[in-house]
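Below is one structure, written out as structure tokens; the observations come after it.
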Amino acid sequence: MAGNTQVFGGGSGGGDEEEFGEVAGGGQAQEHVAAADDLLDEIDGLLENNAEEFVRSYVQKGGQ
Numbered sequence: 001m002a003g004n005t006q007v008f009g010g011g012s013g014g015g016d017e018e019e020f021g022e023v024a025g026g027g028q029a030q031e032h033v034a035a036a037d038d039l040l041d042e043i044d045g046l047l048e049n050n051a052e053e054f055v056r057s058y059v060q061k062g063g064q
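Count the sequence shown with full-length UniProt numbering and you get residues 1 to 64, in order.
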């Protein structure tokens, strides 16, 4: 599952310093995206192995 992230900034009309701060923070965003992708891959792997058990755990009991 590929993740696409869109970041919308405010229209404060700042100078070069603000633009540099946005670019510098991009590395941290990339790390968060990579960590989320790793977590989703791990979940996918677990579901491939235990899909039936996973579904059974969500079946409602007692007519709820």
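Even glycine gets a Cβ: it sits at the ideal position worked out from N, Cα and C.
Since this is a predicted model, take the numbers as computed values, not measurements.
Alpha-carbon spacing of residue i relative to residue j, whole angstroms
i: F54; j: L46; result: 9 Å
i: L39; j: H32; result: 11 Å
i: G26; j: D37; result: 16 Å
i: S57; j: N49; result: 15 Å
i: V59; j: D44; result: 20 Å
Nonlocal neighbours in the same chain, by C-beta distance under 8 Å from residue i, ignoring five residues either side
i: A35; result: none
i: A51; result: none
Sequence-distant residues of its chain with Cβ nearer than 7 Å to residue i (five each side left out)
i: E42; result: none
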